[in-house]
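Okay, so here's the structure we're looking at.
2 protein chains.
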Amino acid sequence: MAETANDLRTLRQSREWSQGRLAQEMGVSRQTINAIETGRFDPSLPLALRLARVFGRTVEEIFALKE
Amino acid sequence: MAETANDLRTLRQSREWSQGRLAQEMGVSRQTINAIETGRFDPSLPLALRLARVFGRTVEEIFALKE
DNA sequence: ACGTTATGACAAGTGTCCTTGACACGGCGC
DNA sequence: GCGCCGTGTCAAGGACACTTGTCATAACGT
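Line order of the protein sequences matches chains A and B. So in UniProt numbering, spot 57 of the first sequence is number 57, and the numbers just go up one at a time. So in UniProt numbering, spot 31 of the second sequence is number 31, and the numbers just go up one at a time.
Here it is in structure tokens:
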């Protein structure tokens, strides 16, 4: 227990990356990362897979289905 | 070893479901399931999560990143 | 005070996911 | 033969992911 939280923002911050830095690692724009972190939309499946991979988590751990 | 294959079509067929049946389980149209199975497009993240859940697999197991 | 960085958010445009409705084909049962 | 089912695919439209460009604000160092 006491694992690190699995929301995208926390994972990014624990690596001390800016949104812009993560965006270029993922090959998307900074606005896209910001929109995902602020919940304005879901990532596409390929982006979700890349995000999960870079943070060593499963897609399910980072992006839970609501209800 | 000798685990069942993890592509969507095989998972669906092992349950003896038609595309239409899976579609209504997932709440999408038959054409959507068909397009995903035939590789015409990727599912959205929420649909990928529901598909993984219904087949007892992780998203990563069913939908691998290409290259 | 000034410049820089990080973040949040908008607008307009493009492409993709997903819809309904349709059509064609092959396999099967009758 | 006929009908039914499962599948593949198209077209037109709506909703959403993602783009570039821009603006605003707060925090920081000098």
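Ideal Cβ placement from N, Cα and C applies to all residues, glycine included. Note that the structure is a prediction, hence the values are computed from the model and not measured.
Quick one, are the C-beta atoms of residue i and residue j less than 8 Å apart?
i	j	result
Glu-60(A)	Thr-58(B)	yes
Leu-8(A)	Leu-51(A)	yes
Leu-45(A)	Asp-42(B)	yes
Asn-34(B)	Gln-19(B)	yes
Residues bridged to residue i by DSSP?
i	result
Ser-44(B)	Ser-44(A)
Where does residue i sit, in a helix, a strand or coil, going by DSSP?
i	result
Ser-14(A)	helix
Val-54(A)	helix
Val-59(B)	helix
Thr-32(A)	helix
Gly-39(A)	coil
Leu-22(A)	helix
Leu-65(B)	coil
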